[in-house]
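Undergrad: Here it is, the structure in full.
Number of protein chains: 2
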Amino acid sequence: MLTDRQLLILQVIIDDFIRSAQPVGSRTLSKKDKIAFSSATIRNEMADLEELGYIEKTHISSGRVPSQKGYRYYVDHLLPPVRLTKEDLAKIQSIFNEQIYELEKIVQKSAQILSDLTNYTTVVLGPSVKDHKLKTIQIVPLNKETAVAIIVTDTGHVEKHVITIPPTIHPSDLEKMVNILNERLIGVPLIDLNEKIYTEVADVLRAHIQSYDSILKTISASLDLDLNAPAQMFFGGKMNMLRQPEFSDIEKVRSLMNIIEQEKEFYRLLRKHQQQGIQVKIGKENEVKGMEDCSLITATYSVGDEKLGTIAVLGPTRMEYSRVISILNRVASDLSNVLTQWYQKY
Amino acid sequence: MLTDRQLLILQVIIDDFIRSAQPVGSRTLSKKDKIAFSSATIRNEMADLEELGYIEKTHISSGRVPSQKGYRYYVDHLLPPVRLTKEDLAKIQSIFNEQIYELEKIVQKSAQILSDLTNYTTVVLGPSVKDHKLKTIQIVPLNKETAVAIIVTDTGHVEKHVITIPPTIHPSDLEKMVNILNERLIGVPLIDLNEKIYTEVADVLRAHIQSYDSILKTISASLDLDLNAPAQMFFGGKMNMLRQPEFSDIEKVRSLMNIIEQEKEFYRLLRKHQQQGIQVKIGKENEVKGMEDCSLITATYSVGDEKLGTIAVLGPTRMEYSRVISILNRVASDLSNVLTQWYQKY
DNA sequence: GTTAGCACTCTCATTAACCGAGTGCTAAAT
DNA sequence: ATTTAGCACTCGGTTAATGAGAGTGCTAAC
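Taken in sequence, the protein lines are chains A and B.
The first sequence lines up with residues 1 to 346 when you count with our numbering.
The second sequence lines up with residues 1001 to 1346 when you count with our numbering.
Next comes the structure, spelled out in structure tokens:
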């Protein structure tokens, strides 16, 4: 329903505003190469665009600023194509340059590079360990009372857990228990461990081990807690927001940092973004107080068909959507490829 | 060489300025209970104090502000006694309430509580693992090429390390190697591991194992890297600085955050503060550009006589020295006590 | 349908005036 | 010999006035 000319104007307004952070006036627009008509014409079109809700004035005689609806339309239909420069590609490549075998490190480095590249804040939601499969479980006694339980998954992830050992348990029982656990539970996804303990392991334990009750508690202690914990979040460029002119007000910085720092809220927000592909949430679409001036762009990365985690870029609503989306696409797919390739070995 | 009255005035000026963040004038001072002489007298005394360098004016006809020298004198000689409230003590106690057996968690929680209590930024330098002693080393093969090496120390600390296994190494050799390592190296401090490998283990290995060269590389890979890594730093209340009026300027926030975020610089700074007891570095005493308006108060915590790490509180020079020092003293000694008690079991 | 022209609006930067908090100095009081 | 009252003076911060500049909406001409 918008005419081509209106679309052109909308696009140029948003492009210019993203660059300059200043309201865009009709005269500025009329000087652009792409635009061949006079400022008066532009003024008329702008009045229409404003009436339709795509742009706004900051005050009665100011230039125009994109509205949330405007950004939404821009993101959905008007994104200018971006080609990543060689430098950009090289940096992205550098994430995978070193031979890294640890998922966490690679994910952390991705967050780092991504924030360098975009100058915004990035968050990478690490893969939940729930679906990883048990490779081995070890219990290393530290002294009479405590021991550290170590769980290794098929992906090389290591969980540790310091536990107390009730004095009723005999060391040899402990050893037996570990053997039984390893015999019966290798290959089981961590999330199913608790169930399997009761269906598969409990009977065997009862048959072989004296202090059955306390040993069960010990097992629970070593396996239970880590499952409900949220997946790790890796941040990059937390302070990049300070450079954006929209955050020259210390109050805004504070309220935004509050959201980021108390990670729970932010984690919940990211959990919503589990769908395949790039997702863009603009301003109030995030439904979080204090993020009205922010946009969140997310992508997922995966191994084969299985989603592993989410990569997110947080910036002002006046964000370089095109560029960020391109970069994010690239990083997510490269990361998926590398991980897929890597996991195939197992 | 300062008269009692001058000291009194200096103290009241600093106390007031710490509270209000506003330059203190003679009239304000004369209204204080402690002060029984007129504003004119105070003006004379202040002129002297200024000449001696303990206080400064922000402009020719303003009230006085403590100088760095003033703060230094205040910290060294004029600290008003502070008694921690029951609430404060209860919060500090709560660090140790839960039965926590993991050093990292307890240290992290200390940082958290400390920043809550002081409203400043806190850093806790975790203990370096270098001095911990090897409890066991395990190598868990993940697939043909990679394995994860797991080092457990007597303190329950777990290091993991993904390594590649050269195809020339036979799995049984790997097993032999692990056995030999465990036989020979248990109880050795991590920092001495590399040396011991050559003095104690190399010969045995050569005698028993075929692919001697590649296995040595593998060992190095599993043990080498983690030693030079700096000890972990745990932050609390990174954003608390935003609430201080001296950081209403976004530029200052940025330069300070830069220092904090790129942890290396900050780590180096903390390393200087290894001496026993409370240390206070005021403003430029920190010798870090961008920290001219900050003070750093540090304490060490230890097990028995052995220093483990450093606890630090970073605030504006206009910091509540008295309160922070009291709290820090308490936390450091409580932490030391708990850890000493805990470690004695080993 | 497009554009030139014009009156009007509003922000922002500059300047001037003023208030208030604070100082230093002098002279009187203790 | 101190201490204090008094007074002239300084300077930052706030308010108000002014003007320039950017931008708009509307009308009338092209």
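Note that beta-carbon positions come from the ideal geometry of N, C-alpha and C, so glycine has one too.
Since the model is a prediction, treat every value here as computed from it, not as a measurement.
Using a Cβ cut-off of 7 Å (strictly closer), state whether Met1257 (chain B) contacts chain A.
TA: On the second sequence, position 257 is the one that residue 1257 (chain B) refers to. Chain A, which has a Cβ nearer than 7 Å to the Cβ of Met1257 (chain B), makes this yes.
Undergrad: Using 7 Å as the limit for Cβ to Cβ distance, is Lys217 (chain A) near chain B?
TA: As a position in the first sequence, residue 217 (chain A) is number 217, starting the count at 1. Chain B, which has no Cβ nearer than 7 Å to the Cβ of Lys217 (chain A), makes this no.
Undergrad: Please look up how many angstroms separate the CB atoms of Pro189 (chain A) and Lys130 (chain A), rounded, as I've assumed it's under 8 Å.
TA: Position 189 of the first sequence, counting from 1, holds the residue named residue 189 (chain A). Position 130 of the first sequence, counting from 1, holds the residue named residue 130 (chain A). That pair is a contact at about 7 Å.
Undergrad: Would you list, in sequence order, the uninterrupted alpha helix (DSSP H) runs of no fewer than 4 residues that lie entirely inside the stretch 63-150 of chain A?
TA: You should have 68-73, 86-94 and 103-118.
Undergrad: Any beta-carbon of chain A closer than 7 Å to the one on Lys1133 (chain B)?
TA: Within the second sequence, the letter at position 133 stands for residue 1133 (chain B). Answer no: the Cβ-Cβ gap between Lys1133 (chain B) and chain A never drops below 7 Å.
Undergrad: Below 8 Å on the Cβ atoms is my guess for Val82 (chain A) versus Arg323 (chain A); work out the distance and round it to an integer in Å.
TA: By 1-based counting over the first sequence, the position of residue 82 (chain A) is 82. By 1-based counting over the first sequence, the position of residue 323 (chain A) is 323. The pair is a contact, with the Cβ atoms about 5 Å apart (cut-off 8 Å).
Undergrad: Just to confirm the assignment: which complete alpha helix (DSSP H) runs, minimum length 4, are found wholly within the stretch 1203-1264 of chain B?
TA: With a minimum length of 4 residues, the continuous alpha helix (DSSP H) runs that stay inside the stretch 1203-1264 of chain B are 1212-1223 and 1250-1261.
Undergrad: At 9 Å on the CB atoms, spell out the chain A contacts of Asp1154 (chain B), in chain order.
TA: Here the question's residue 1154 (chain B) lines up with position 154 in the second sequence. Within 9 Å Cβ-Cβ: Leu142 and Asn143.
Undergrad: What three-state label does DSSP hand Lys1272 (chain B) in the structure shown?
TA: Mapped onto the second sequence, residue 1272 (chain B) falls at position 272. In the structure shown, Lys1272 (chain B) sits in coil (DSSP, three-state: anything other than H, G, I, E or B).
Undergrad: In whole angstroms, give me the CA-to-CA distance for Gly1237 (chain B) and Asp76 (chain A).
TA: Indexing the second sequence from 1 puts residue 1237 (chain B) at position 237. Indexing the first sequence from 1 puts residue 76 (chain A) at position 76. If you take the alpha carbons of Gly1237 (chain B) and Asp76 (chain A), they lie about 39 Å apart.
Undergrad: Please tell me whether Lys160 (chain A) has its Cβ less than 7 Å away from any Cβ of chain B.
TA: For the purposes of this step, residue 160 (chain A) is identified with residue 160 of the first sequence, where counting begins at 1. Chain B contact via Cβ: present.
Undergrad: Would you check if the stretch 1163-1175 of chain B and the stretch 150-164 of chain A touch, i.e. whether three or more CB-CB distances between them fall below 8 Å?
TA: Taking 8 Å as the limit for Cβ pairs, the verdict is that the stretch 1163-1175 of chain B does not touch the stretch 150-164 of chain A.
Undergrad: Please classify Ala21 (chain A): is it buried, with 16 or more other beta-carbons within 10 angstroms of its beta-carbon, or exposed?
TA: As a working note, residue 21 (chain A) is residue 21 in the first sequence. Burial call: exposed.
Undergrad: According to DSSP, what are the bridge partners of Thr1041 (chain B)?
TA: As a first step, residue 1041 (chain B) is located in the second sequence; it is residue number 41 there, counting from the start. BP columns for Thr1041 (chain B) are empty, so no partner.
Undergrad: Would you say Val1148 (chain B) lies against chain A (beta-carbon separation less than 7 Å)?
TA: The count along the second sequence starts at 1 and reaches residue 1148 (chain B) at position 148. For Val1148 (chain B), the answer is yes, since a Cβ of chain A falls inside 7 Å of its Cβ.
Undergrad: For Arg1332 (chain B), does the count of other Cβ atoms within 10 angstroms reach 16, so buried, or fall short, so exposed?
TA: Walking along the second sequence from the start, residue 1332 (chain B) turns up at place 332. The question names Arg, but residue 1332 (chain B) in the sequence shown is Ala. That one is buried.
Undergrad: Enumerate in chain order the residues of its own chain whose CB-to-CB distance from Asn1119 (chain B) is below 6 Å, with the five nearest sequence positions on each side excluded.
TA: Here the question's residue 1119 (chain B) lines up with position 119 in the second sequence. Within the same chain, Asn1119 (chain B) has close Cβ partners Asn1240.
Undergrad: Using the C-alpha atoms, what's the distance from Tyr101 (chain A) back to Tyr343 (chain A)?
TA: For this step, residue 343 (chain A) is matched to residue 343 along the first sequence. For this step, residue 101 (chain A) is matched to residue 101 along the first sequence. Approximately 11 Å, taken between the alpha carbons.
Undergrad: For Pro167 (chain A), does the three-state DSSP call read helix, strand or coil?
TA: Here residue 167 (chain A) corresponds to residue number 167 of the first sequence, with the count starting at 1. DSSP places Pro167 (chain A) in coil when its eight states are reduced to three.
Undergrad: Counting Cβ pairs closer than 8 Å, one from the stretch 32-48 of chain A and one from the stretch 265-283 of chain A, do we hit at least three?
TA: Flag = no, the stretch 32-48 of chain A and the stretch 265-283 of chain A do not touch.
Undergrad: Do you know how far the Cα of Glu1200 (chain B) is from the Cα of Ile1180 (chain B)?
TA: Position 180 of the second sequence, counting from 1, holds the residue named residue 1180 (chain B). Position 200 of the second sequence, counting from 1, holds the residue named residue 1200 (chain B). Those two C-alpha atoms are separated by around 10 Å.
Undergrad: Does chain A have any CB closer than 7 Å to the CB of Arg1318 (chain B)?
TA: Here residue 1318 (chain B) refers to the residue found at position 318 when the second sequence is read from its first residue. Cβ-Cβ to chain A under 7 Å: no for Arg1318 (chain B).
Undergrad: Could you tell me the boundaries of the alpha helix (DSSP H) in which Tyr1321 (chain B) lies?
TA: As a first step, residue 1321 (chain B) must be located in the second sequence, where it is residue number 321. Start and end: Tyr1321 to Tyr1343.
Undergrad: Helix or strand or just coil, what does DSSP make of Gln1279 (chain B)?
TA: The residue given as residue 1279 (chain B) occupies position 279 in the second sequence. Residue state, collapsed to three classes: strand.
Undergrad: In this structure, does DSSP put Leu296 (chain A) in helix, strand or coil?
TA: For the purposes of this step, residue 296 (chain A) is taken as residue 296 along the first sequence, with counting starting at 1. In the structure shown, Leu296 (chain A) sits in a strand (DSSP, three-state: E or B).
Undergrad: For Leu242 (chain A), return the contacting residues in chain B, with the cut-off set at a CB-CB distance below 8 Å.
TA: Within the first sequence, residue 242 (chain A) is the residue found at index 242, counting from 1. Ordered by position in chain B, the residues that pass the 8 Å Cβ test against Leu242 (chain A) are Ile1250, Val1253, Arg1254 and Met1257.
Undergrad: Report the neighbours of Glu102 (chain A) on chain B: residues whose CB is nearer than 7 Å to its CB, in chain order.
TA: As a working mapping, residue 102 (chain A) is identified with position 102 in the first sequence. Result: Val1162.
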